[in-house]
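Let me begin by presenting the structure, written as structure tokens, before commenting on it.
Residue numbers (my numbering): 4 to 269.
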């Protein structure tokens with residue numbers, strides 16, 4: 004806007020008078036990167052604009068000031084396909100389905116190609132119906148990861164559930180910089196309910212994590228770097244978040260991926 008430092012504050016004052024928030028840079032919470040939500044996305048497990056508005060209303064002071072230890076990138080994805088940047092954000096909200104798709108085999112043959120529908124499943128949970136007289140599929144619930152890929156290619160397999168859907172909270176991701184290598188976000192809270200229009204449980208959980216980080220991290224220490232230094236046990240203890248079996252990576256290919264371990268320290 005200007006090469007003259009003395010003009011920065013006057014510009015901010017004028018923009019603020021217009022009712023436009025100024026912030027999101029330096030040691031502050033960034034603008035939330037988010038996906039489309041219930042209104043625009045067929046596979047969303049939560050909303051976007053409404054949830055982001057509720058979160059930022061509560062954390063607004065951390066957006067317009069630079070009183071955090073370091074930048075805090077926040078993102079939101081409405082399902083685990085993660086169109087947003089939740090895998091590389093300090094603090095991330097991810098919509099989660101908890102029930103398998105509801106197969107409508109009467110519509111299947113008219114709306115879907117069964118081989119394509121089967122191929123869309125990353126875990127091989129979808130198989131042809133065992134009854135040859137039924138042109139449809141069945142879902143192995145033990146294999147289903149509730150991702151919604153099948154519904155993307157087959158409208159006869161919806162999985163949205165008003166009571167079961169919710170969000171998970173991930174922490175500690177970041178892109179690389181001159182200081183450290185990139186980090187993937189890791190699970191902090193496996194499930195919080197959708198309670199629109201203000202999502203009080205989600206907002207309270209995020210505010211708690213932000214304030215614990217603000218009070219305990221060193222200067223210029225990102226969320227993941229702070230957690231890595233103090234250890235995940237300390238993170239769970241300071242935030243009061245219970246550690247459950249959902250935090251343990253036990254899927255078949257865990258040892259071959261970046262999710263092998265959370266590097267616990269005692």
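Ideal Cβ positions, reconstructed from N, Cα and C, are used throughout, including at glycine.
Given a threshold of 16 other Cβ atoms within 10 Å of its Cβ, counted over all protein chains shown, does residue i qualify as buried or as exposed?
i, result
"residue 175", "buried"
"residue 184", "exposed"
"residue 73", "buried"
"residue 37", "buried"
"residue 22", "exposed"
"residue 68", "exposed"
"residue 232", "exposed"
"residue 152", "buried"
"residue 120", "buried"
"residue 230", "buried"
Helix, strand or coil: how does DSSP classify residue i here?
i, result
"residue 11", "helix"
"residue 261", "Residue confidence for residue 261 is low, a pLDDT of 45 falling below 50, so the modelled location carries little weight and cannot support an answer."
"residue 190", "strand"
"residue 203", "helix"
"residue 36", "strand"
"residue 21", "coil"
"residue 83", "coil"
"residue 55", "helix"
"residue 251", "coil"
"residue 170", "strand"
"residue 75", "strand"
"residue 182", "coil"
"residue 70", "coil"
"residue 209", "helix"
"residue 162", "coil"
Q: Could you tell me which uninterrupted beta strand (DSSP E) segments, each at least 3 residues in length, are contained entirely in the segment 95-146, listed from first to last along the chain?
A: 129-131, 140-142
Q: Examine the Cβ distances between the segment 45-57 and the segment 92-101 and report whether three or more of them are shorter than 8 Å.
A: yes
Q. Any chance the segment 141-155 sits against the segment 104-120, with 3 or more Cβ pairs inside 8 Å?
A. yes
(Q) Any contact between the segment 63-81 and the segment 206-222? By contact I mean 3 or more CB pairs, one from each, below 8 Å. (A) yes
**Q.** Sequence ranges, beta strand (DSSP E) only - wholly within the segment 212-245, length at least 3
**A.** none
Q. When the Cβ atoms of the segment 243-252 are set against those of the segment 192-210, are three or more pairs found closer than 8 Å?
A. yes
Q) For the segment 29-44 against the segment 77-90, are there 3 or more C-beta pairs whose distance is under 8 Å? A) yes
Q: Would you be able to state if there are at least three C-beta pairs under 8 Å between the segment 123-136 and the segment 162-169?
A: no
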